[in-house]
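*Asks:* Residue numbers (the working numbering): 6 to 159.
Ideal Cβ positions, reconstructed from N, Cα and C, are used throughout, including at glycine.
Please read all numbers here as calculations on a predicted model, not as lab measurements.
Structure incoming, see below.
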Amino acid sequence: MKFIAFSDTHDSIAAIDDLISEIKNEKVDFFVHAGDVISPFALKRFSEIEKLYIAFGNNDGDRNKLTEIALGMGWVAGEVVFAEDIAVYHGTNPDLLKILEKKCNIVVTGHTHEARVVRDGSTLVINPGESCGYLTGKRSYAIYEDGEVNIMEF
């Protein structure tokens, strides 16, 4: 299985466009966005991506409109979304995050803007960092393939 994870795009159209240019030709099973798209106009920028799972973040605005766009594109969106045995959750509630880490083999999270990959027993937690680059000055995403994770800067 191969997927690309990203998070915290925060309405940065330039960063979203650069991200899509980086990843659109990757041969993957699906993509995940771990929250903080923010607005409908930013979400629409991902229209080139066919199979996308989107977890809402703490800064996402009109969730009804975001959901409407996601459904119209054939994507999945919600507070916590599941893609196979992967939970995608923004990470704002540490207790919920701990529960997901106990129940799922892979958890993709965001929120902290810090890229990290943690293996704890049979669980893999991936935070792809921030795609917007606002807090860390680094724009990143993660590529997962058959148990290996690479954090990529762009």
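Grouping DSSP H, G and I as helix and E and B as strand, with all else coil, what is Gly-77?
*Replies:* Taking the first residue of the sequence shown as 1, we reach residue 77 at position 72. DSSP places Gly-77 in helix when its eight states are reduced to three.
*Asks:* Taking DSSP's pairing of strands, which residues face Asp-125 in a bridge?
*Replies:* Translated into positions along the sequence shown, residue 125 becomes position 120. Paired residue(s): Thr-128.
*Asks:* Check for me: the beta strand (DSSP E) holding Phe-46 runs from which residue to which?
*Replies:* Position 41 of the sequence shown, counting from 1, holds the residue named residue 46. The continuous stretches of beta strand (DSSP E) do not include Phe-46, which lies in the alpha helix (DSSP H) extending over residues 45-48.
*Asks:* On the three-state DSSP scale, how would you describe Ser-52?
*Replies:* Translated into positions along the sequence shown, residue 52 becomes position 47. Per DSSP, reduced to three states, the secondary structure at Ser-52 is coil, with no helix or strand assignment.
*Asks:* Going residue by residue through the stretch 62-113, where are the continuous alpha helix (DSSP H) segments of at least 4 residues, counting only ones entirely within it?
*Replies:* 68-78 and 99-108
*Asks:* I'd like to confirm the pairing. Which residues does DSSP put opposite Asn-155 in its beta bridges?
*Replies:* In the sequence shown, the residue the question calls residue 155 occupies position 150. DSSP output for Asn-155 lists Ile-148 as bridge partner(s).
*Asks:* Look at Thr-117 and Gly-138 and say whether their C-beta atoms are less than 8 Å apart.
*Replies:* To locate residue 117, count along the sequence shown from 1; it is residue 112. To locate residue 138, count along the sequence shown from 1; it is residue 133. Not a contact, by the Cβ cut-off of 8 Å.
*Asks:* Buried or exposed: Ser-52, going by 16 or more other Cβ atoms within 10 Å of its Cβ?
*Replies:* On the sequence shown, position 47 is the one that residue 52 refers to. Exposed, by the Cβ-count rule.
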